[in-house]
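Report on the following structure.
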Amino acid sequence: MNYRIFNKIIFFIVLFFLFLTNNIYSTIKFYTPYSSIVLNSEFSKFAVPNTSTINGWYNQNLIRENWKTNLKYFDFDDTLNQYNAPSEKFNNFIYNDLINKTNSLNINNKILFFDTDISIPDNTIFTLTSNGVIDGCYKNLILGKNSQILLDNNVSVTFKNIIFKNNSNTIRPTIKCNNNSGIITIDNSTFSFNETFTFERGHMFINNEVNFTGTSEFIYNSINTSYILPHSSLNFKPQTTFLYAPYSTNNNLIIMNDKSSCLKFDNSSLKMTHTGLRLTHGSLYFDNKVTISSTHETFNNALIFGNLTLGADYDLSTYILSGSRINLDGRIVLENTLNNQNSLDFASRNSSIILANSRSKLKITNNEGIYGYPEQSIIKTDGNNNTWISDNTIYGFDSGEIDPVTYLVYNNSNAIVTQSNRIRWNSNAIINNDLLDYEQQIIYNSNAIINLEPKIINNSNAIIHDYEIKTDLQDQIRHNSDAIINNNKNINHNSNAIINQNNQINNNSNTIINNNYNIHYNSQAILHDYEIKTDLQNQINYNSDAILNNNKMINWNSDVILNIQTAELQNAIKYNSDAIINQESATLLQDIKNNSNAIINI
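Structure, rendered in structure tokens:
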């Protein structure tokens, strides 16, 4: 928008006096930096009586139209015009023609404004030689190929309301302090660089909302402290990375002022070198899929939350938002005090920290302040249940460390199932527990694996383990899509299993039955002897789809669903092509694992 629009008073061939007599008191107040009085021509004059007051940004509100420059404030009772204006002038707008004519700018403790998008030419080092504020008015600052903004020695500059962009730059940092005393304040701005942004030296202050976007990396190399101010947030947007890699051994150079100072990662990555990173005071947020990477040397090189030694004022609040999955490739140390209320706050049942590999370790100094859904908040690879967490414990995979394996179903490409609570990550099956409650849903699992305590493994469709197999196994196994067995009568016209125990077995394309002994090499059928006695100890072997173990597991059965009639298992397993099993017995609260297709309603 043209600067003339902003409350300017333009005088065309007008003599403007504020004084009529020395006895009249006059006041002018400029409400914003955009407000101005323009001396438009050689006939324009401005005078102020000694009884008058000027308030506001007058060092940049009295300007010459042709030069777009500010006129130095003058003494009372002086008359100002274009010819006797002081020699000192100051630009309150930055223009591309100015940038193209010079490689430096003296801000002189004033506020500069963008009138349009500003472009720095290719291969230019543009030096800011004095302190001040550059307000981009939400426009772009575009650095050309291999160009740089350089803050001179001991200079402090605030970049406000700017969208930073660049072309290719592989030879120098995009923004740089010339020495360690330089200060860059980023206020309500966005980094949208094409390539890595490296902060090599000096201090950085984050004020209000600062976003890092695109697909690039922010590398922190400075040996100096940087600050996230109160009510401010440094936000790493999807596909970006923050790498903490200072040229020193200090792991605490990122300082958050208080709980309103935030560091946020959304579908992005947080990495650190062997220095590690300790975060205190503020609030840390994770949203969607986030990767945390650190070295696996010691816990001193880890990502550390809080500082138990220095006390509660140094506690860090960490929020794992709904649906967020943190893949931990390295180490985290939770070192908050007992007073902290949000050491780890899991917002929903599908918020989790995943110990991704053998390098992943989580050290819990105390388990106070861990909130959310304990059944599935801290898991191994893909799984559930963190009720095993205790104080002063290291969870990992090395000797002397606690392997987080209890009650977990892991390393299965299709399913993660909770024994008595929630079955998660299932794309094809949402299964409710006995309660018709969506909190019991099975989510995001491609097919479903159910965890009951003795494991039933490697079954392509449905493996069911009866708690005890007794003589009542003579009862029927009914209504199975591939095996319908009538123990005492004929099974007729079944393409996969036709069994006549006392007579002929007719019309069966696939079964070969040995009535009293082993049933060998049968591709589909599971046959029962006329009477099941102790001779059931003779296994039914070599069946490609059903191998039965007398009193124990029924393994390697691709399609069979068995209903063992006991007082607790009276309900048949019916009409389920992949296996939906309703187990009402406490005796069957056992693990069913590694089944790619079974969906079982516990």
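The sequence shown begins at 14 in the numbering used here and counts up one residue at a time. Note that the Cβ used here is the ideal one computed from N, Cα and C, for glycine as well.
Residue i versus the options, residue with shortest Cα-Cα distance
i      : options                        : result
Asn355 : Ser330, Pro259, Asn192         : Ser330
Ile107 : Met217, Asp358, Leu125         : Leu125
His287 : Thr311, Ile219, Ile176, Ser160 : Thr311
Asn193 : Asn370, Gly215, His294         : Gly215
Ser390 : Gly336, Asn352, Asn191, Asn237 : Gly336
Ala369 : Asn314, Val303, Ile120, Asp130 : Val303
Phe359 : Glu348, Val51, Thr350, Ile339  : Ile339
Thr378 : Ile367, Gly385, Ile366, Ile407 : Ile407
Pro186 : Gly149, Asn234, Asn201         : Asn234
Glu414 : Leu375, Phe231, Val170         : Leu375
Asp130 : Ile367, Ser202, Cys150         : Cys150
Secondary structure of residue i, DSSP reduced to three states
i      : result
Asn109 : helix
Asn314 : helix
Asp279 : strand
Asp326 : helix
Ile511 : Residue placement at Ile511 cannot be trusted, given a pLDDT of 37 that sits under 50; the coordinates are not used to answer.
Ile123 : It is worth fixing the name first, because residue 123 is Lys in this sequence and not Ile. Of the three classes helix, strand and coil, the one that applies to Lys123 here is coil, per DSSP.
Lys42  : strand
Lys114 : helix
Glu414 : coil
Lys374 : strand
Ser202 : coil
Leu341 : strand
Ser229 : coil
Val168 : coil
Leu266 : coil
Lys250 : coil
Asn174 : strand
Ser390 : coil
Arg362 : coil
Ser235 : coil
Asn349 : coil
Asp135 : coil
Pro467 : With a pLDDT of only 34 at Pro467, under 50, the local geometry of the prediction cannot be trusted, and the value read off the model is given with reservation. Coil.
Lys224 : The identity of residue 224 in the sequence shown is Asn, whereas the question assumes Lys. Asn224: strand per DSSP, three-state reduction.
Closer than 8 angstroms to chain B by CB, residue i
i     : result
Val51 : The chain labelled as chain B is not found in the depicted structure, where only one protein chain is given.
Enclosing beta strand (DSSP E) for residue i [first to last residue]
i      : result
Gly149 : 145–156
Gln161 : 161–164
Phe139 : 138–141
Thr183 : Element bounds for Thr183: n/a, residue is neither H nor E.
Phe358 : Per the sequence shown, the amino acid found at residue 358 is Asp instead of Phe. Unbroken beta strand (DSSP E) run through Asp358: 357–359.
Leu321 : First-last for Leu321: undefined, no H or E at that position.
Leu368 : 365–368
Lys302 : 302–306
Tyr240 : 239–241
Ser335 : Unbroken run through Ser335: none, as it is neither H nor E.
His216 : 216–220
Beta-carbon spacing of residue i, residue j below 8 angstroms
i      : j      : result
Ser229 : Phe210 : yes
Thr137 : Leu118 : no
Asn180 : Leu156 : yes
Thr140 : Asp165 : yes
Phe299 : Leu334 : yes
Gly195 : Asn167 : yes
Gly295 : Asp271 : yes
Met617 : Tyr257 : Only positions 14 to 615 of the chain appear in the structure, and residue 617 is not among them; the question remains open.
Asn349 : Asp328 : yes
Asp148 : Asn174 : yes
Asn144 : Ile112 : no
Arg291 : Asn314 : no
Asn353 : Gly385 : no
Lys178 : Phe206 : yes
Could you tell me whether the segment 244–253 touches the segment 208–224, where touching means 3 or more Cβ pairs closer than 8 angstroms?
Yes, they touch.
Inter-stretch contact at 8 angstroms, needing at least 3 Cβ pairs: the segment 343–360 / the segment 303–315
The answer is yes - the segment 303–315 touches the segment 343–360, with three or more Cβ pairs under 8 angstroms.
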